[in-house]
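A short worksheet on the structure shown next.
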Ligand SMILES: Cc1ncc(C[n+]2csc(CCOP(=O)(O)OP(=O)(O)O)c2C)c(N)n1
């Protein structure tokens, strides 16, 4: 029997977390303000009330502490889901992520499993002060042993968080904070039937003239650009990466072989980033199919600017269309 | 002695006891203990505006005559008025966010006024009152919250470091700066230099803050750690960060810790002067816990009704840092209504200027995204800048913008 619910990304995450906690008593939620407040974005709203303070932990204010103790809890058999308040605050925990979380499985020849999920709201466009709008996902994609994923819609949010929690690997789960509560993005979620795999690249719009690959908040930008391009008679194929590390580029290669052109979109600075990796691998695999160089539409190689300037910094529909024109003009 | 609330649960209590809700009696007892601050609280001015003599600290405020006290009052009124104006401007959509300091005026003005111009201050992000005492124009600060800039003032001229939003980060930087003062031989006598570093009760859980304690201690850095315990770290009470009063932690690192009534401007001035004095003479560091209360939301995006009881707020209102000075001045005939009215008028003017300035602040040009990333030019970035600006020009040429 199908059970359809129309959900925002935020609500889908909340229900997905709830279901994971109901199904598995070893699942814990931990982070700053996740209890009574329900997190600063209210993603964990109501969970402490129903599951108690030992399953939804308002932790002391220390990210190294949150992640480091989650590692220990995982060794003990728990499945911790950590919330980092904003991506800019994950760095006090970077050492625990790179030295322990990502490497214990390898160091112990698989004896220690690390079923830890770290939820990270990321990306800009919310008019915030420093450290609340960044996109550091590429830094984590560079750490072997860690899985990095991102979501862009409510279906993936609901099922993706459950898939991540069930995984025995440590997962950094990037959530597009700007889209959490967007009513316009509400989506029918079938909560009765799980999709086979959430974390594989997916064609979210079919097209023939050029491929646009994106993830997280940029998927919406890419889709909007595709709609606008259609009005001008251009057909764009849009791919949501969903899994950032290890990258699933199979569908991207396939698409580029068809369209001959690729534009990679991300809010992160471009140097040494995921979009660099995509460009390198696509030219390696699809060299003879490419009609033009792989182009990238990204944040600039600057610190995230004051928010009054973020409209310039963030890839928007116009910048994507501009890149599409350049690609097609080749 | 520390009050009851600091006793540890019995070992046998187990997880069930941890998860159990406190009884109403416990809640009330906890509240009272929270708002009273315990027996070791240093106070020179009671909430009712009575001067309490202190053998240890009176000498640090001997020079504070009626005029000086009136100035401290004025400082706090101005700072509060600017804070309320900024809060209102955020509600009107003029600021992206505001971080209120309501209730923390005495802790900030008292400690800030204890500094000498040569001293250095490292703030967190709520220290608008300290900024004011360092001569930072509120207008230089408001851009951060209007999101036109990350830091608007000349930190060297004011000896007031840029704000830090990442919790606890600045504490190690302050320790390093203070180590520098020591290495340069700037400590030792009355004319010595010192550094002060501000952070919250929540921040004391961060590794950086612990490391800051260790560094400052082993290098004898002239550093005053000024923790404003405003009872909450967003929704988490201090008990979520510590099992003992925060000032007592200093002992474990080998330097003195002291708890001062953070709503008492005179006590904050005296205790900070004492602590800075220790540092100047090469006896630092010192930890000060200013016991105070955040009388507004954590920021304008927060909703305190979800986690805090209104009784608590009501109780703290009775300890208002400004009202007690006013009561003292009025009761002892040091100030009349005309004085209070004139300060209020000045504060209104101060706020109006801030408002005007904010409303008319120019938007930063797109070029600003690329400026000052590196001290030396980067060809890659220069190319990005040029490409983006010519892209923008394309719109202008097409008449689209
Ligand atoms: C490293 C880090 N983690 C999380 C946050 C988000 N955050 C901002 S303020 C705050 C609470 C801080 O409480 P406290 O240190 O007591 O200072 P207060 O704001 O109460 O003055 C949190 C969790 C942050 N800014 N930095």
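Residue numbers (our numbering), protein chains in the order written: chain R, 907 to 1236; chain C, 23 to 423. Idealized CB from N, CA, C, for every residue including glycine.
Verify whether the separation of the beta carbon atoms of residue 1095 of chain R and residue 1144 of chain R is less than 9 Å.
No.
Helix, strand or coil at residue 301 of chain C [DSSP, three-state]
DSSP, read as helix, strand or coil, puts residue 301 of chain C in helix.
Using a C-beta to C-beta distance shorter than 8 Å, which residues of chain R count as neighbours of residue 146 of chain C?
Simply none; closest approach about 12 Å.
Do three or more CB pairs link the segment 1115-1128 of chain R to the segment 1157-1174 of chain R at distances below 8 Å?
These segments touch.
Whose beta carbon lies closer than 7 Å to any heavy atom of ligand 1, going through the chain in order?
Those residues that have a beta carbon less than 7 Å away from any non-hydrogen atom of ligand 1 are, in order along the chain, R:938, R:939, R:967, R:969, R:991, R:992, R:995, R:998, R:1037, C:146, C:148, C:187, C:188, C:189, C:190, C:221, C:222, C:223, C:224, C:225, C:228, C:250, C:252, C:254, C:255, C:256, C:316 and C:320.
By DSSP, does residue 414 of chain C sit in helix, in strand, or in coil?
Residue 414 of chain C: helix per DSSP, three-state reduction.
With DSSP as the reference, label residue 227 of chain C as helix, strand or coil.
Helix at residue 227 of chain C.
Just to confirm the assignment, what range does the beta strand (DSSP E) spanning residue 1108 of chain R have?
Unbroken beta strand (DSSP E) run through residue 1108 of chain R: 1108-1111.
From the beta carbon of residue 54 of chain C, is the nearest beta carbon of chain R less than 9 Å away?
For residue 54 of chain C, the predicted structure reports a pLDDT of 49, less than 50, and the residue's modelled location is therefore unreliable. A value from the coordinates is still provided. Answer no: the Cβ-Cβ gap between residue 54 of chain C and chain R never drops below 9 Å.
Grab the span of the beta strand (DSSP E) containing residue 1144 of chain R for me, first residue to last.
Unbroken beta strand (DSSP E) run through residue 1144 of chain R: 1142-1146.
If we cut at 9 Å on Cβ distances, does residue 105 of chain C have a partner in chain R?
Closer than 9 Å to the CB of residue 105 of chain C there is not a single CB belonging to chain R.
Would you mind stating whether residue 268 of chain C and residue 309 of chain C have Cβ atoms separated by less than 9 Å?
Between residue 268 of chain C and residue 309 of chain C, the C-beta spacing is below 9 Å.
Against chain R, does residue 328 of chain C count as a neighbour if the rule is that its beta carbon must be under 9 Å from one of theirs?
The beta carbon of residue 328 of chain C sits closer than 9 Å to some beta carbon of chain R.
Give the residues of chain C in contact with residue 1037 of chain R, contact being defined as C-beta atoms less than 8 Å apart.
Within chain C, 187 and 188 have C-beta atoms less than 8 Å from the C-beta of residue 1037 of chain R, given in sequence order.
Just to confirm my understanding: we take residue 1227 of chain R, look at its own chain, exclude 5 residues before and 5 after, and list those with CB closer than 7 Å. What are they?
Result list for residue 1227 of chain R: 1131, 1134 and 1135, in chain order.
DSSP three-state call for residue 259 of chain C: helix, strand or coil?
The three-state secondary structure of residue 259 of chain C, taken from DSSP, is strand.
Alpha carbon of residue 364 of chain C to alpha carbon of residue 152 of chain C, nearest angstrom:
Put simply, the backbone Cα of residue 364 of chain C is about 23 Å away from that of residue 152 of chain C.
Could you tell me the distance, in whole angstroms, from the CA atom of residue 954 of chain R to the CA atom of residue 974 of chain R?
Counting only the Cα atoms, residue 974 of chain R lies some 22 Å from residue 954 of chain R.
Using only CA atoms, which one of C:129, C:370, C:105 and C:156 lies nearest to residue 119 of chain C?
The residue from C:129, C:370, C:105 and C:156 with its alpha-carbon nearest to that of residue 119 of chain C is C:105.
Could you check if residue 258 of chain C is buried or exposed, using at least 16 other CB atoms within 10 Å of its CB as the buried criterion?
So residue 258 of chain C ends up on the buried side.
Whole-angstrom distance between residue 303 of chain C and residue 241 of chain C, CA atom to CA atom
Taking the straight line from one Cα to the other gives about 14 Å.
Could you have a look at residue 166 of chain C and say whether DSSP puts it in helix, strand or coil?
Helix, per DSSP.
If the cut is a Cβ gap below 9 Å, which residues of chain C does residue 984 of chain R touch?
Under the 9 Å cutoff, chain C gives no residues; its nearest Cβ is about 13 Å from residue 984 of chain R.
Pick from R:1065, R:1213 and R:1026: whose alpha carbon is nearest that of residue 868 of chain R?
No statement about residue 868 of chain R is possible, as the shown extent of chain R runs from 907 to 1236 and does not include it.
Since residue 190 of chain C contacts residue 221 of chain C with CB under 8 Å, what's their CB separation in whole angstroms?
Contact between residue 190 of chain C and residue 221 of chain C holds: CB atoms are separated by about 6 Å, below the 8 Å threshold.
Rounded to a whole number of angstroms, what is the C-alpha to C-alpha distance between residue 1064 of chain R and residue 1192 of chain R?
The straight-line gap from Cα to Cα measures roughly 34 Å.
Assigned secondary structure, residue 912 of chain R (DSSP; H/G/I helix, E/B strand, else coil):
Shown here, residue 912 of chain R sits in a strand according to DSSP, grouped into three states.
Pull up the distance between the alpha-carbon of residue 1115 of chain R and that of residue 411 of chain C, whole angstroms please.
As the crow flies, the alpha-carbon of residue 1115 of chain R is around 28 Å from that of residue 411 of chain C.
If we count the other Cβ atoms within 10 Å of its Cβ and call it buried at 16 or more, is residue 234 of chain C buried or exposed?
Buried is the label assigned to residue 234 of chain C, since at least 16 other Cβ atoms lie within 10 Å of its Cβ.
Given that residue 1105 of chain R touches chain C, what residues does it touch there, using C-beta distances under 7 Å?
Close partners of residue 1105 of chain R in chain C (Cβ separation under 7 Å) are lacking, with about 30 Å as the shortest Cβ gap.
Members of the segment 1200-1211 of chain R near chain C, C-beta cut-off 8 Å
Flagged, chain order: 1206, 1207, 1208, 1209 and 1211.
Using a Cβ-Cβ cutoff of less than 6 Å, which residues in the same chain neighbour residue 1019 of chain R once the five nearest sequence positions on both sides are dropped?
Excluding sequence positions up to five before and after residue 1019 of chain R, its CB lies within less than 6 Å of the CB of 1074, all in the same chain and listed in chain order.
Helix, strand or coil: how does DSSP classify residue 1173 of chain R here?
The answer is strand: DSSP assigns residue 1173 of chain R an E or B state.
DSSP beta-bridge partners for residue 250 of chain C?
Residue 250 of chain C pairs with C:222 and C:312.
Chain R partners of residue 172 of chain C, CB-CB under 7 Å?
Ordered by position in chain R, the residues that pass the 7 Å Cβ test against residue 172 of chain C are 1036 and 1212.
Kindly indicate the opening and closing residues of the alpha helix (DSSP H) around residue 1167 of chain R.
Looking at the DSSP string, residue 1167 of chain R is not in any alpha helix (DSSP H), and its letter there is neither H nor E.
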